[in-house]
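Residue 501 is where the sequence shown starts when you use my numbering, and the numbers rise one by one after that. First the structure, in the form of structure tokens, and then the observations on it.
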Amino acid sequence: MPDESKEKKRPDPDVLLAKLNKETRGKLTVFLGAAAGVGKTYTMLEAAHEMLASGVDVVIGWVETHKRQETEKMVEGLPRLPAKEIDYRGRNLHEMDIDAILVRRPKVVLVDELAHTNVAGSRHVRRFQDVEEILNAGIDVATTLNIQHIETLNDIVAQITGVKVRETVPDRIVEQADQVQLIDIPPNELIKRLKEGKIYMPHQAELALHKFFRPGNINALRELSLRFTAYRVDKELNEYMQEHDIPGPWPAGERVMVCVSASPFSAQLIRAARRLARGLQAELLAVHIDTPRRSSTSEGERDRIFRNMRLAEELGAKTISIVGKDLTEEILRMTREHNVTHLVVGKPLRGRLWEWLNGGAVVDKLIRYSGGINIHVIQGNTEVKDEPKVKTIAPTKAIHWWHYIAGLLMIILMTAGNWWWRHYLEPMHFMLLYLLPVLLSAVWWGKGPSYVTALCSVLFFDFFFISPIFTFNISDLPYMWSLPLFLLISFIIGGQTEKLRVEVTLARQREKTTGALYSFSREIAAIVDIGVIVGILAEQVWQTLDKSVAVFLPQDEKLVLAAEAGPGKIGEDAGEKAVAVWAFEHGEIAGHCTDTLPGARYMYLPLTTSQNTVGVLGIEIHEEILTSPQKRLMEAWAGLAAIAVERVKLAEQARQAALLAESDQLRTALFNSISHELRTPLSSIIGAISGLMDTEGVYSENDKKELLETVKEGADRMNRLVVNLLDTARLESGMMQLKKDWCDIEDITGSALRRVGECIKGRALLVNIAPDLPMIKADCVLLEQVVVNLLDNACKYSVQGSEIVITASQDTSVIQVSIADRGIGIPTENLMQIFDKFYRVEQLKTVNGTGLGLSICKGIIEAHGGTIQAENRPGGGTVMTFILPWEEQPPMHMA
């Protein structure tokens, strides 16, 4: 049995990978305080002086002194990089120069105010993103941060102080910090500093004393800071135990899921879920589910969903957006698929009646059917103000109201028609006809117009067809309950029709997306040219999204434009290309609709594989906000293209590796063959010459003649080897030029037989050449060499006294020549390889040879446009057949 204790102590691969990445990244030190004025910047500068005195290369990237004399004195004596000037609406503003820091590459750089928002036109929207880029370059960073700027604590701080902080930093930035140093002073001392004007200007200080800097607020913020720091200490302890393989009660595998919607309250839910996940040391999953009943159709709702999902991503959550029929069922399905242990949902803000009309409260259903999942119902802040609305491209208000007017017109037309037939039909039949306008309104314009049309249907029916007519009084008792029932049925039909309409719309969108991806993947499946792949990618994206597209690929250590599609052309736009280069080098999305270089016209998605980044896909974006389906589609395209490009590159690498392996194999075979083929004749020649040189020996004339014949045979054998090697080299290099002329197969055969006269001695030779065999246009010398090689091969692998048969005939437009022997034959599995260079059948390696003769024959025959093959002969032996194309010889004209 395996040692269970060793299994438990085995390091987690993910932990090891994270440790490796951490070692190559710069170190982050955060000076954390409960509020402004506690001395974070001062302490950071004090630490910088100590580092500088100990020889550490430390520079100031950005420090904000706020004109405090104590801080300004601490800045003196420290190297400082100049700020970058940015022109913003006619004003010259200053920001930290990231490029200057990356060029300077100090050991440590000081960056004050981590939560700062950069001026429009900067590379990144937020300063913490600048810090991340610097850290990824391997440079250590020291920075400052107030507790109220941590994202998940934002809501709690707002409840404590009544001030909503807009500039926040994702928790992951602080959690990934290598060191968090808490800077704390007593509330009385902080208030004293505020009154002395050491934090704010006098008029600002007076206002802050009565709002943010009240003693109770300060103590609450100090408690938050201490709790957060204590969590950090606990996390560092766990990491230390894991790194040093110390056993301990590790936390169970918990997973927290939060449901995200277009509600402004969703941001609070996400932060609460993140705090819960942090406390449980669990993975966080943020899920948005779009259903027909709760579909987010307005631009403002889609904008809020996008921002909420991006907030979840910034807080380290894995985000998923799906489409489903029923919200409760889809949530429970996601919890089962992802093994969720804690589900965070919001408490309903609307009344019971509204929830009942919309199918029941989701929270109640989740609690009822959740099983063993822990449900956390969070009370939302009803006073949360909605985010600023973005400018929409939805239909205008006039068009919107026209839908209601059109529904009313349909009711009027239906009433006029029914009035015409009132003497022939019962009023109850008219009631059913009034369902038609309700149905059409729901199909064409949605739920709202259909409800109004349903209400108008009841009123018109009552006014014109229920006695007493032309009044809203009802004298017939059955209509007292049938009209409300009709109205309810109309509402149900309208709602269900609207639901079906939304489902059809979503299905069409999914079909379009799936079809586009399937079409793209099918087109590039068998393509082995990267240029063609990116060209198809550009065309597909342009045709599907109607947006201009540019694809960049690395070439000669530069990023070059490989394909474009659409009316917008990047051309030589250095600014756009610089954004593409940044996305390629960092492997992150950049450009429009992102927080990195958002001023660009295009959004740049890196074509990233498991190994590296192979290119960049740029898409021109005109909208300010992208919907989740659009973003997923773009990312899917980029992923498919990256896989296809990597496939081609891997195939090329595999081909090169195969060629290298084949080359090594050929080189080995060549050395083995040459060493054997040279050693044997050389030994014979040396032995014969030594005998001839031996003057003491007594050799007769016959003996001397035999020795000389041995020398000649050895020399001829070596000559054949050299000729074969030269012929092979010429075939490989393409230098073998055919000198075609009209040749007689019978003459070629006779000449070849004379050349191999010694070889065929003692064998029964049968030549069967058709008497009417025409002349063939070929290189006669090379064709003779083919016959010689085939005869030599037949002699070597057959025994003395066996027959060799040469056959030549014509079959329509080809000439066929065969040489058959009665040798040992060739194993069936080797017949296809027998013409490869240096290939020899294992069972036949006892016979001398290099494995080049048949390969040369194949090269010569194929150069003539013919084919050659080998097959076993019935009764034993082998038949070598080559077929050459034949053309009629033109008539010869006598001079």
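Beta carbons are placed, not taken as given, at the ideal position from N, Cα and C, and that holds for glycine.
- E667 carries a coil assignment under DSSP once its states are collapsed to helix, strand and coil.
- Sorting P1067, G1068, G1066 and V1051 by C-alpha distance to the C-alpha of V1060 places V1051 at the top.
- Cβ contact annotation for A1100 (same chain, cutoff 8 Å, sequence separation greater than five): G1075, E1076, V1079, A1090, G1091 and H1092, in chain order.
- About 7 Å separates the CB atoms of S725 and D684; that is less than 8 Å, so the two are in contact.
- In the three-state reduction of the DSSP assignment, C1295 falls in the helix class, which pools H, G and I.
- In the DSSP assignment, P949 falls within the unbroken alpha helix (DSSP H) covering K947 to F965.
- Excluding residues up to 5 positions away in sequence, L528 and V530 lie with their Cβ nearer than 6 Å to the Cβ of A677 in the same chain.
- For R1155 and Q1316, the gap between their C-alpha atoms comes out near 36 Å.
- In the structure shown, the three-state DSSP call for Q781 is coil.
- Here DSSP, grouped into helix, strand and coil, assigns Y1102 to strand.
- Cβ neighbours of V733 within its own chain (closer than 6 Å, five residues either side excluded): none.
- By the criterion of a C-beta distance shorter than 6 Å, T565 is surrounded in its chain by T571 and E572, once the five residues flanking it on both sides are discounted.
- When the five nearest sequence neighbours on each side are left out, the beta carbons in the same chain lying within less than 6 Å of the beta carbon of N918 are those of F930, in order along the chain.
- Comparing alpha-carbon positions, the option among G1375, Q1369 and E1388 lying closest to F1382 turns out to be Q1369.
- For L635, the uninterrupted alpha helix (DSSP H) run begins and ends at R627 to N636, by DSSP.
- In the assembly as shown, F970 is an exposed residue. Its beta-carbon has fewer than 16 other beta-carbons within 10 Å.
- In the DSSP assignment, Q1316 falls within the beta strand (DSSP E) that extends over V1314 to D1321.
- V1256 carries a coil assignment under DSSP once its states are collapsed to helix, strand and coil.
- Counting C-beta pairs closer than 8 Å gives fewer than three between the stretch 1001 to 1010 and the stretch 1103 to 1122, which falls short of the contact rule.
- Contact between D1321 and G1377 is confirmed by a C-beta separation of about 5 Å, below the 8 Å threshold.
- Here the alpha carbons of N1202 and G1353 stand approximately 34 Å from one another.
- Judged by DSSP in its simplified three-state form, V938 adopts helix.
- Around the C-beta of N1112, fewer than 16 other C-beta atoms lie within 10 Å, and the residue is accordingly described as exposed.
- Apart from sequence neighbours up to five positions away, the residues of its chain that approach Q681 with a beta-carbon distance below 6 Å are F531, ordered along the chain.
- Within the same chain, Cβ atoms closer than 8 Å to the Cβ of T828 are found at V862, K865, L866 and Y869, the five residues on either side in sequence being excluded.
- Taking all protein chains shown into account, S554 has fewer than 16 neighbouring C-beta atoms within 10 Å of its C-beta and is therefore exposed.
- Residue nearest to N654 within the set E1371, N592, G1351 and L815 is L815 (criterion: CA-CA distance).
- Proximity of the stretch 532 to 542 to the stretch 576 to 589 falls short of the contact definition, fewer than three beta-carbon pairs being nearer than 8 Å.
- Ranking I878, L925, L936 and S941 by CA distance to the CA of I905 puts S941 first.
- When C-alpha distances from G846 are compared across C759, A777 and I1306, the shortest belongs to C759.
- When the alpha-carbon of L1053 is set against those of R1010, P1106 and D597, the nearest one is in P1106.
- Looking at the backbone, the Cα of E632 and that of E801 are separated by about 31 Å.
- Here Q648 is buried. Its C-beta has 16 or more other C-beta atoms within 10 Å.
- For R591, the uninterrupted beta strand (DSSP E) run begins and ends at R591 to E595, by DSSP.
- Judged by DSSP in its simplified three-state form, G1091 adopts strand.
- Per DSSP, reduced to three states, the secondary structure at K1277 is strand.
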